[in-house]
Amino acid sequence: MGLLPRVKPRPFLARLTAGLVCFYLATSGYAQVVSQAAPVEMREPQADQQADQQAKALSQGLEMEKEQLWSEAVRHYESASRDFPKNATLYQRLIISRLHYDVNRRYQDESFLASVRELSTSQALDLYSEVLANLNTHYVDTVDWQRIMIHGTAALEVALTEEKFVGRMLANAPAERIEAFRQSIHRKTRNRSTATRFDLRGTVAFVAQIAQRELGLSGTATVLEFLGGTVSTLDPYTRLLSPNQLDEMFSNIEGNFVGLGIELKTTGDSLQILSVIPKGPAQEAGILPGERIVRVENARTDNVSPEVVADLLRGLEHTYVSLTVIGKDDQPRDMSVQRRRVEVPCVENVRFVNVDKRVGYLRLTNFQKTTTRDVERALRDLHKQGMKSLIIDLRGNPGGLLSAAVEVADRFLQSGKIVTTRGRNARENFEYRAHATNTWSVPLVVLIDNDSASASEIFAGAIADSKRGAIIGETSYGKGSVQGIFRMDAAKFGLCITTAKFYSPSGRAISRNGVIPTIEVQPSYIAARPNEAGELTSDHEDTVLQRAMEHFHATTPTGSSIANRNRQPGVVAGSP
Numbered sequence: 215m216g217l218l219p220r221v222k223p224r225p226f227l228a229r230l231t232a233g234l235v236c237f238y239l240a241t242s243g244y245a246q247v248v249s250q251a252a253p254v255e256m257r258e259p260q261a262d263q264q265a266d267q268q269a270k271a272l273s274q275g276l277e278m279e280k281e282q283l284w285s286e287a288v289r290h291y292e293s294a295s296r297d298f299p300k301n302a303t304l305y306q307r308l309i310i311s312r313l314h315y316d317v318n319r320r321y322q323d324e325s326f327l328a329s330v331r332e333l334s335t336s337q338a339l340d341l342y343s344e345v346l347a348n349l350n351t352h353y354v355d356t357v358d359w360q361r362i363m364i365h366g367t368a369a370l371e372v373a374l375t376e377e378k379f380v381g382r383m384l385a386n387a388p389a390e391r392i393e394a395f396r397q398s399i400h401r402k403t404r405n406r407s408t409a410t411r412f413d414l415r416g417t418v419a420f421v422a423q424i425a426q427r428e429l430g431l432s433g434t435a436t437v438l439e440f441l442g443g444t445v446s447t448l449d450p451y452t453r454l455l456s457p458n459q460l461d462e463m464f465s466n467i468e469g470n471f472v473g474l475g476i477e478l479k480t481t482g483d484s485l486q487i488l489s490v491i492p493k494g495p496a497q498e499a500g501i502l503p504g505e506r507i508v509r510v511e512n513a514r515t516d517n518v519s520p521e522v523v524a525d526l527l528r529g530l531e532h533t534y535v536s537l538t539v540i541g542k543d544d545q546p547r548d549m550s551v552q553r554r555r556v557e558v559p560c561v562e563n564v565r566f567v568n569v570d571k572r573v574g575y576l577r578l579t580n581f582q583k584t585t586t587r588d589v590e591r592a593l594r595d596l597h598k599q600g601m602k603s604l605i606i607d608l609r610g611n612p613g614g615l616l617s618a619a620v621e622v623a624d625r626f627l628q629s630g631k632i633v634t635t636r637g638r639n640a641r642e643n644f645e646y647r648a649h650a651t652n653t654w655s656v657p658l659v660v661l662i663d664n665d666s667a668s669a670s671e672i673f674a675g676a677i678a679d680s681k682r683g684a685i686i687g688e689t690s691y692g693k694g695s696v697q698g699i700f701r702m703d704a705a706k707f708g709l710c711i712t713t714a715k716f717y718s719p720s721g722r723a724i725s726r727n728g729v730i731p732t733i734e735v736q737p738s739y740i741a742a743r744p745n746e747a748g749e750l751t752s753d754h755e756d757t758v759l760q761r762a763m764e765h766f767h768a769t770t771p772t773g774s775s776i777a778n779r780n781r782q783p784g785v786v787a788g789s790p
């Protein structure tokens, strides 16, 4: 897919929704594994019980760190930090684990490695300066340059302990010399000014020069580690995008990508296939939902991180990838599958879940450029078949474009606020409102769970606060921030940066709070997904969906048609 053009002077190319958690690490030595917990600040009356829970969470995370299971450690600490948001130690361990995970991922990304080889130190410093300028202008919070320098230094310290970085960049350097340099970085930069972003560029250039002289380390590699640490430690959703990641990000926004046409979930030692896109390469090759990938090319998931193995599935259009798939019979199948451009459906499983009562159903998997069009098409199809009420399933929906969430919510609201965004930059302060035209008046239920996030929460929050429909399921994830994607001029890198926080129509912050369901129901399984055995569960076993149908039975008279002031059933006038 061709790259989208740059936009000047404000190079926003998309607005995404994500989460924001701020932190500050005030000491050095980040690469060391902490063996004891810091004092814990309590937030609940049951202090002893909470202290035990937090100590257990820290102990479990440290075990993962000792085993260098960085992706598992990141997920663990993210969950623990949501449960105990005031525990600074858990959050510090999350940041350290993320630094380890990030450097390993970077040094297995061929597009990033190509940048290390091709960029000069001067070009890398220009990229660093450009990123700092964007943070200074657009980041949601005031940027503390001292913290930025500490985090960048931490990233370089961590990289110097990781085999993948050292093996590629310092293969001939003595281990004791590497360790001595690592221990000295913070001391060498401690007294340098951090008053402005220009001071930071000077310090990074200074460290790059010393690393080149003492270790023979590429100046470009040094600068890019400072840059990676600067960006990835601001919050969980601000990140530097390598050339491949940048292309993939825009493919996701557009709703198409080059690949096999499968949705994956990482497990302990394999990649589980959650869904297979119809008419895609994987389906044509006979790959089924519920099966597992255990090998891609020469990498096996039992000795290489599944996330790294998943990266190997990517490649140029029309090339082939070799993989091993294990089916329900536990028998491995070796196959070669062609990578092709795949259209990603964001609306799935459009149908009646109760034919007699004409209860329509559709599942939204994400919010992308095609979402509004696809939702409208599904609604028209259901309407033609006599739809009298509708269930929109957002379970497992991680979010996507803010604009798509607003547009879909606008289809069900005649007036009032949909969402409000607030940022440090006044241009990020905006109130999105509904319009009367093109509005569907059909009775509505929205299903959510703990994995419904960001753009999903914009939609669900608007429906909940306006009392337009019932929200059934679990409290949503609680990602309450907006991100912008910027293309860098200095090199083919991207910056996904948190620019604002968003609030539901009532003014309630979504971040950390989530959307609370009108009717809380514990789920029996993940919607429209196979279980661990690869078997799809029937509607009758879906407790959340069953509760939604019971809600309609209790609130809608049998046999009634849903009309709105003499307009056609189900649709407010103005809908084309």
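In case it helps, our numbering puts the sequence shown at residues 215 to 790.
From the three backbone atoms N, C-alpha and C, an ideal C-beta is built for every residue, glycine too.
At which residues does the beta strand (DSSP E) containing Pro546 begin and terminate?
Indexing the sequence shown from 1 puts residue 546 at position 332. Its beta strand (DSSP E) spans residues Pro546 to Gln552.
With H, G and I counted as helix, E and B as strand and the rest as coil, what does DSSP make of Arg224?
Reading the sequence shown from its first residue, position 10 is the one you call residue 224. Here the model assigns Arg224 a pLDDT of 31, short of 50, so the residue's position is not dependable, and the following value carries that caveat. In the structure shown, Arg224 sits in coil (DSSP, three-state: anything other than H, G, I, E or B).
Pull up the DSSP beta-bridge partners for Trp359, would you.
Position 145 of the sequence shown, counted from the start, is the residue given in the question as residue 359. Its beta-bridge partners do not exist; DSSP assigns none.
Tell me which residues share the same chain as Thr241 and place their Cβ nearer than 7 Å to its Cβ, disregarding the 5 neighbours each side in the sequence.
Residue 241 sits at position 27 when you count from the first residue of the sequence shown. With a pLDDT of 28 at Thr241, under the threshold of 50, the modelled position of that residue is not reliable, and the figure given next carries that caveat. Result list for Thr241: empty, nothing under 7 Å.
Around the Cβ of Thr579, are there at least 16 other Cβ atoms within 10 angstroms (buried) or fewer (exposed)?
To locate residue 579, count along the sequence shown from 1; it is residue 365. Per the 10 Å Cβ criterion, buried.
Roughly how many whole angstroms lie between the Cα atoms of Arg427 and Arg391?
Locating residue 427 in the sequence shown gives position 213, where the first residue counts as 1. Locating residue 391 in the sequence shown gives position 177, where the first residue counts as 1. Roughly 12 Å between the two C-alpha positions.
Which ranges would you report for the alpha helix (DSSP H) in the segment 546–603 if only whole runs of at least 4 residues count?
Here the runs fully enclosed are 585–598.
Does the beta-carbon distance from Leu709 to Val445 come in below 8 Å?
Numbered from its first residue, the sequence shown carries residue 709 at position 495. Numbered from its first residue, the sequence shown carries residue 445 at position 231. In this structure, Val445 lies closer than 8 Å to Leu709 by Cβ.
Would you say Asp663 and Gly687 are within 8 Å of each other, going by their C-beta atoms?
Within the sequence shown, the letter at position 449 stands for residue 663. Within the sequence shown, the letter at position 473 stands for residue 687. For Asp663 and Gly687, yes; Cβs fall inside 8 Å.
Take the Cβ of Pro253 as the centre, count every other Cβ of all protein chains shown within 10 Å, and call the residue buried at 16 or more, exposed below.
Indexing the sequence shown from 1 puts residue 253 at position 39. Confidence is the limiting factor: at Pro253 the pLDDT is only 41, short of 50, which leaves the residue's position unreliable, though a coordinate-based value still follows. With fewer than 16 Cβ atoms within 10 Å of its Cβ, Pro253 is classed as exposed.
Should Asn318 be labelled buried (16 or more other beta-carbon atoms within 10 Å of its own) or exposed?
Numbered from its first residue, the sequence shown carries residue 318 at position 104. Answer is buried; the Cβ neighbour count reaches 16.
Is the Cβ-Cβ distance between Glu531 and Val472 less than 8 Å?
Taking the first residue of the sequence shown as 1, we reach residue 531 at position 317. Taking the first residue of the sequence shown as 1, we reach residue 472 at position 258. Going by C-beta atoms, Glu531 is nearer than 8 Å to Val472.
Mind the definition here: the segment 308–324 touches the segment 372–381 only if three or more C-beta pairs lie below 8 Å; say whether that holds.
These segments touch.
Could you say if the segment 482–502 and the segment 546–564 meet the contact criterion of at least three C-beta pairs nearer than 8 Å?
Enough Cβ pairs lie closer than 8 Å, so yes.
Does the separation of the CB atoms of Leu431 and Ile399 fall below 8 Å?
One-based indexing of the sequence shown puts residue 431 at position 217. One-based indexing of the sequence shown puts residue 399 at position 185. No, Cβ-Cβ distance for Leu431 and Ile399 is not below 8 Å.
Which residues bound the beta strand (DSSP E) around Phe700?
As a first step, residue 700 must be located in the sequence shown, where it is residue number 486. Ser695 to Arg701 is the extent of the beta strand (DSSP E) around Phe700.
In the structure shown, what three-state DSSP assignment does Ala623 receive?
Within the sequence shown, numbered from 1, the residue matching residue 623 stands at position 409. It is helical.
Just the Cα atoms here: how many angstroms apart are Val354 and Ala723?
As a first step, residue 354 must be located in the sequence shown, where it is residue number 140. As a first step, residue 723 must be located in the sequence shown, where it is residue number 509. C-alpha separation (whole angstroms): 15 Å.
Of all the alpha helix (DSSP H) runs that stay within the bounds of the segment 644–708, which reach a length of 4 or more residues?
Within the segment 644–708, the complete alpha helix (DSSP H) runs of at least 4 residues are 669–679.
Relative to the C-alpha of Gly416, which candidate in Ser329, Thr689 and Trp359 has its C-alpha closest?
Reading the sequence shown from its first residue, position 202 is the one you call residue 416. It is Trp359.
If you draw a straight line from the alpha carbon of Arg307 to that of Leu374, how long is it in whole angstroms?
Looking up residue 307 in the sequence shown gives position 93. Looking up residue 374 in the sequence shown gives position 160. Approximately 18 Å, taken between the alpha carbons.
What are the boundary residues of the beta strand (DSSP E) that includes Gln282?
As a working mapping, residue 282 is identified with position 68 in the sequence shown. It is not in any beta strand (DSSP E) - Gln282 carries neither H nor E in the DSSP assignment.
Label His365 either buried or exposed according to how many other C-beta atoms from any shown protein chain fall within 10 Å of its C-beta, with 16 as the threshold for buried.
Within the sequence shown, residue 365 is the residue found at index 151, counting from 1. When all chains shown are included, His365 counts as buried.
To the nearest angstrom, how far is it from the Cα of Glu477 to the Cα of Gln497?
By 1-based counting over the sequence shown, the position of residue 477 is 263. By 1-based counting over the sequence shown, the position of residue 497 is 283. Going from the Cα of Glu477 to the Cα of Gln497 covers about 12 Å.
How big is the Cα-Cα spacing for Arg547 and Gly500?
As a working mapping, residue 547 is identified with position 333 in the sequence shown. As a working mapping, residue 500 is identified with position 286 in the sequence shown. Taking the straight line from one Cα to the other gives about 10 Å.
How would you write the range of the beta strand (DSSP E) that Arg509 sits in, first residue to last?
For this step, residue 509 is matched to residue 295 along the sequence shown. Run containing Arg509: Arg506 to Val510, per the beta strand (DSSP E) assignment.
At least one CB of chain C closer than 8 Å to the CB of Pro503: is that the case?
The structure shown contains no chain C; it is built from a single protein chain.
Consult DSSP for Glu324 and reduce its assignment to one of helix, strand or coil.
To locate residue 324, count along the sequence shown from 1; it is residue 110. Three-state DSSP puts Glu324 in a helix.
Helix, strand or coil, according to DSSP, for Ser489 in the structure here?
Numbered from 1 along the sequence shown, position 275 holds the residue referred to as residue 489. The answer is strand: DSSP assigns Ser489 an E or B state.
For the beta strand (DSSP E) holding Val418, just list the boundary residues, first then last.
Taking the sequence shown and counting its residues from 1, the one referred to as residue 418 is at position 204. Run containing Val418: none in the beta strand (DSSP E); it sits in the alpha helix (DSSP H), Arg411 to Leu429.
Roughly how many whole angstroms lie between the Cα atoms of Arg761 and Ala684?
Walking along the sequence shown from the start, residue 761 turns up at place 547. Walking along the sequence shown from the start, residue 684 turns up at place 470. So the alpha carbons of these two residues sit roughly 11 Å apart.
Expressed to the nearest angstrom, what Euclidean distance is found between the alpha-carbon atoms of Leu596 and Ser519?
Position 382 of the sequence shown, counted from the start, is the residue given in the question as residue 596. Position 305 of the sequence shown, counted from the start, is the residue given in the question as residue 519. Each residue's alpha carbon lies about 43 Å from the other.
How big is the Cα-Cα spacing for Met463 and Phe420?
Here residue 463 refers to the residue found at position 249 when the sequence shown is read from its first residue. Here residue 420 refers to the residue found at position 206 when the sequence shown is read from its first residue. One C-alpha to the other measures close to 33 Å.
Using the C-alpha atoms, what's the distance from Gln282 back to Leu627?
By 1-based counting over the sequence shown, the position of residue 627 is 413. By 1-based counting over the sequence shown, the position of residue 282 is 68. Near 49 Å, if we compare the C-alpha coordinates of Gln282 and Leu627.
Just verifying my parser: in three-state terms, what is the DSSP assignment at Asp607?
Along the sequence shown, read from residue 1 onward, the residue named residue 607 stands at position 393. Asp607: strand per DSSP, three-state reduction.
Across the segment 662–682 and the segment 600–614, are there enough close Cβ pairs to call them in contact, namely three or more that are closer than 8 Å?
With a cut-off of 8 Å, the segment 600–614 and the segment 662–682 count as touching, because enough Cβ pairs lie within range.
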